[in-house]
Every structure is written in structure tokens, then in C-alpha cells.
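> The UniProt record's numbering numbers the first residue of the first sequence as 1 and each following residue consecutively.
Note that CB positions come from ideal geometry on N, CA and C, so glycine has one too.
A quick note: this is a predicted structure, and the numbers were derived from the prediction, not measured.
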Amino acid sequence: MFKLKSQATLLSSHGILRFFSASAAAAAISDTIPQPQQSTLVSNAQIKDMNPEFFISTLFKCRNIFQIKQVHAQVTTTGIIHDLVVANKLLYICAKHKDLVSAHLLFNKMEERDPVSWSVMIGGFVRNGDYDHCFQTFRELIRGGSKPDNFSLPFVIKACRDTMGLIMGTLIHSTVLKNGLHLDNFVCSTLVDMYAKCGMIDNAKKLFDRMPKKDLVTRTVMIAGYAECGKPNESWVLFDQMRKDGFVPDKVAMVTIVNACAKLGAMNKSRLVHDYICAKRYSLDVELGTAMIDMYAKCGSIDSAREIFDRMEQRNVISWSAMIGAYGYHGQGREALDLFRMMLNSGVIPNRITFISLLYACSHAGLVDDGLQLFSLMSVSYGVRPDVKHYTCMVDLLGRAGRLDEALRLIESMKVEKDEGIWCAFLGACRIHKQVDLVDKAAKLLLSLQTQNPGHYILLSNIYANAGRWKDVAKIRNLMTKRRLKKIPGYTWIEVDNIIYQFGAGDNSHLRSKEIYEMLKSLTQKLESAGYVPDTNSVLHDVDEEVKLGILYAHSEKLAIAFGLIATPDGTPIRITKNLRVCGDCHTFCKLVSTITQRDIIVRDANRFHHFKEGICSCGDYW
DNA sequence: CTAGGGTTAG
């Protein structure tokens, strides 16, 4: 109900209709206004001798709430509502058409309820995001002495997942065991899903391993869980195992593995998946298409992403936003803005995520004025109220451009709650522009939020180290120890012949380690004669220059690039993926290496892409 | 009447 209402307000009060194409507007209107000839499914003269079966079949012919309400009235006047099956169907249809108010009213009036009535009601609430009523109804069910069954439990577990209610979820898990439903695939796979999405991936896996009959859906849940928690390699292990066990993945399973490819950032694997999708002739629907746009974009090929986008027959706001976001993290802000215009012309209404992607694109391309304009336009013209994420993009946009005072003023003036991210964006800008005087206040506020993210402490320590404030560096380090946080180790991945190799800093575990270091040595010599001076500012420790040089020398991305150079033919682009951001020194290193080796180097770091070609980076050194 | 899928700042 809320959704319908807010959409209606949006359309009328902000004049959005002018962005609709005529047909889209007509479709939107015909959905909400009943068609007179359709609304009378059963004439009042007809209803006298009708039986329950007749009304059930009539209910399934209903196309809108008005028709349902009419049948509801007829069923009530004839007394057929007392037939439990009829009442349950009516309950189901109301919930399906999002008329939870009627459904709940009917449910409360029912003199007799069976397990179906309970689960339809509980399920109706979950599907419409009304978790309070969902849990409330579930409690009523238990208090009334009934047992929760294999139908009602998956619904409540799903509600736990959506609300991140791990405690409630664990309680319900024990209810599952008490009722002996731990062998039911529906119950179990929702439990696995719940644990995975709530960050308890090990619990999810344990439960999954104990399931005697793992079907396609259960396996897909587990694969998605691994991708979501940042372990896409594990997703692949399970996907391969699944096929070995004789399962043919369906469309949903494919979307899931495509998503894992996006997380992995491995181009060859992505192409393999794409070939498989073509060979098996899975249709390129909105979900699969959108996932593939994201996959190619996150593997570094914006062109392949766009190709998929252009080939899709149907696109919705998510597909457009995904493509806009793709241009954003490749630093192509102008293209993102062009696409936004096309999106409006085709009648698709932007949502909050579209604007996050747009503002992000502007900030990473230095399009300050466009960003500012969009930011002021979004709520006025499109009814999207800025939230913290929008503000964070704006702080980033202004901050990168060196307008730190404006950024700070924006933070101070905003009315939504500030989070860690917004202070980080600000501090990131302070780091770029070496504005130490504004740091202390922001640092204090960030630390007061008791952040558990080691990256935040590293950022601060980095800034202080750069300014030579070693006492403050030590303070931050102590705080990290006290809060038991360790620096996240940096890794770089490179894919050669369909195998993904991982490198850590100073890594010598690779079989060709000797060659790699020789290559690195010869590269460095060539670079130095071209004027390269290692930039030790990027090294965070308060140590001797000698030691610093050693650390810098073997940063994981340098090792991966050296390996790429010896393991792939001349001229092949080198694609690497990092879990952290590239440091300034490695960025310079990549630029020079792209020149002397005549190779394109495509780096995906924790935030965005860098395309190095003949000494120039696509980020314009603006990152 | 039940389970799985696509876009999101730093």
C-alpha cells in the first residue's frame, strides 16, 4: 500500500509524467484504474446457486484488487466465505495483490484457521516487507498451540534474513530441530541462506554439508552465499562440484555464477561462462543481462558490458543503473551522463541507486559542476531524497576537487545521520590534498563511532605518517591493537591460462618466483634509467628508507605484473585485481611499465579501474 | 500456501 501511495504522489507532485513515454504512462495508469467490463466477473443474478469451486476458479481470473473485492463481497453475502478452502484462497489472492489490509482483516475474522491460513498470512507479510506483522502472526500461531510447519517456517526464516535478525534466526533454527523439520529442503535452504546473508558463512556451510539431498536450489543458495561474503572462489568450487554431480544449472544458477565472476574479476572465467550461456541458449532476460553487464564491467571490459546492454531486449532501472555505474568505475563520467539522458528519454524513472552511480561517476571523473547540478535536481525533479551515500559521493566530489571547506560545510549541514563512510570520504580528500589541519576533528568523529574496519585506522595512520606526525601514527597503531584489529593484507590476483594466481607482498611461493623477481629487477632498472624514483610516502611504517624500499619493491601488484609479463605473449593486455587500493608508487610504476613494455595494464583496485596505456592512466591521476 | 537470481559511497 505504501509503495502505491508514494508512487502516486511522486507522479503528481513532481511532474514525473513528462519523462514517461506515452505508452509507459498508459500502462502505469491502466494498472491502477479498473476496466469496467472486466470488473464484473460474476453478475449478482448469477451468484445464488454457485458452489465453492466456482468461486475459487473465479478468484484466479481476477486481474486487480477491485475485482477481488467484488468477489470477496459476493462470497461473504452468500456465506461461502465459511468454506475454509475458499477463505484461504481469498487470503492468498489478497496477499498476492499486495492488499495486506484486506487479507489481515479477513484473517482476523476467520472462525476456523488451518496451517494453510497461517502460512499464507505469514508469507503475505514477508513478501510485502511487513516484518513486524509477520513475526507477530508467527507468535500468535505458537501461542495458539499450533505447530509451525514446513510452510510457515521458511517464511519466518526469510524475515530473519531480511531484517538481519541472527538471534531470532538462531532461535527459529532450534524450533526447526524441535519439530524434526531439519530434513526438509525448503526449511533447510532458507536457513542456509539466512546464515550466509547474516555473515555466518561457516554456519551456513555446516548446515549445507549435513543436508542429505542437496538439490539445485540449495546449491545455488550456497554458491550465492559464498559470492556475497567475498569468497567467489568457493562459489566456483561448488558450481563445478554441482555439475560433476549431474545437475544442469538453470537461469537462476547462471545469474548466481555470473555474479561470482563479477566478484572475482577474472576475465577468462567470465568469457567461459558467457560461452556456456550462449551454447545452452539461456535467454538474456533483465536479470541475467544486468548481471552480465556488471560481470564484464568488473572484469575490466566496459565495451563487452555495453555490448550486452545494447543486445538486451528489456531494460529496467536496474540495468540502466548497472551500466551507468560501470562507466563510473571506469572513470568515464561523460558516458555515464549521456546514458542517463538516454534512460530518461526511454521513460525509465531513476531511483536512489541510479543517483549514487551518477554522483560516483561525476566524482571519479572530476565533473564537479555536473555532480552539483544532479545533486540539487534529484530531490526536486525526481523525488529522490539524498541519503548518507549520496552525501558521501558529494563529499568525495568536492573533496577530490580540493574544495574541502565546502565538503565540510556540507557534512555539517546535512540532516541525515552521519556514518563512518562520510568521514572516510572527507579524510581521503584530506590525504590527497595533504590538508592535515582539518584531519583531527574528522578523525575524532570517525574513531568515536568505534569503527571495526582496519582500513579506516590505516587511512588515518597513513595521513599522519605523510605529515611526519609519528606520535599520532603510534596512537592509531595502539588503538588498533587495543581493539584487536589487524591490517588487511594486500593481495593481487592475475589469471593466466584459466588459472588464478594470487600474490601477497614479498611473496615467493610461486613456482616461477625466481624468474618473477628477475623480471622485476630488470624492470626497475629500466624504469630508474627513465627517471623513476620510488615514492616511499606510500609506505606506512616509521622505518628506515632501506627497509621501506624493500617493502615497496615487492608490493603484490608489482609481482603479479612481472608474472603477467613473463607468462603471457607480447602485446597481451595484463589484467590484475587487487583487494585494496593501489598505492601512489605502484600507480607510477604501472604507468611507466605500460610504456616500456608496450602493454595495456588494467588494474581493478578496491574502488575502481585504472587503464594504463602508453604511460597514461584512465583515472587521470585523480583517484 | 513453501526455498535460490541483477545495480549501491569510501
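Which of the three DSSP states, helix, strand or coil, is assigned to residue 127?
helix
> Quick one, are the C-beta atoms of residue 326 and residue 365 less than 8 Å apart?
no
> Report all residues from its chain with a CB closer than 6 Å to the CB of residue 492; omit the five preceding and five following residues, and keep chain order.
Here the set comprises 503, 556, 557, 560, 576, 578.
> DSSP on residue 493, reduced to helix/strand/coil?
Strand.
> Under the assumption that residue 621 contacts residue 612 (Cβ atoms under 8 Å), give the Cβ distance between them as a whole number of angstroms.
Residue 621 to residue 612, Cβ: 11 Å. No contact.
> Can you give me the start and stop residues for the beta strand (DSSP E) that residue 610 sits inside?
609 to 613
> With the cut-off set at 8 Å, would you say residue 428 and residue 399 are in Cβ contact?
yes
> Return the CA-CA distance between residue 233 and residue 92, expressed in angstroms with no decimal places.
41 Å
> Applying the 10 Å Cβ sphere with the 16-neighbour rule, what's the burial state of residue 334?
exposed
> Are the Cβ atoms of residue 157 and residue 190 separated by less than 8 Å?
yes
> Tell me which residues share the same chain as residue 445 and place their Cβ nearer than 8 Å to its Cβ, disregarding the 5 neighbours each side in the sequence.
Closer than 8 Å at Cβ, skipping near neighbours: 418, 423.
> Please go through the UniProt repeat "PPR" (316 to 350) and give each complete alpha helix (DSSP H) segment of 4 or more residues, from N-terminal end onward.
317 to 329, 333 to 345
> Suppose you measure from the CA of residue 614 to the CA of residue 562; what does that come to, to the nearest Å?
17 Å
> Cα separation between residue 235 and residue 588?
34 Å
> Please go through the same chain and pick out, in chain order, the residues whose beta-carbon is closer than 8 Å to the beta-carbon of residue 430, but skip the five residues on each side of it.
399, 404, 436, 438, 439, 442, 463
> How long is the line joining the alpha carbons of residue 107 and residue 345, rounded to whole angstroms?
45 Å
> Kindly confirm or deny that the segment 53 to 60 and the segment 72 to 88 touch, where touching means at least three C-beta pairs closer than 8 Å.
yes
> With distances taken Cα to Cα, identify the nearest neighbour of residue 378 among 354, 396, 138.
354
> For residue 256, count neighbouring C-beta atoms within 10 Å of its own C-beta (all shown protein chains included) and say buried if the count is 16 or more, exposed if not.
Buried: at least 16 other Cβ atoms inside 10 Å.
> Kindly indicate which three-state DSSP category residue 282 falls into: helix, strand or coil?
coil
> With a Cβ-Cβ cutoff of 8 Å, do residue 488 and residue 531 count as a contact?
no
> Does DSSP classify residue 617 as helix, strand or coil?
For residue 617, the secondary structure class from DSSP, reduced to helix, strand or coil, is strand.
> Identify the continuous alpha helix (DSSP H) that holds residue 504 and give its terminal residues.
Per DSSP, residue 504 belongs to no alpha helix (DSSP H); it is in the beta strand (DSSP E), 499 to 504.
> For the segment 454 to 478, list the alpha helix (DSSP H) runs that are entirely contained and at least 4 residues long, ordered along the chain.
454 to 466
> Who are residue 578's beta bridge partners in DSSP?
492
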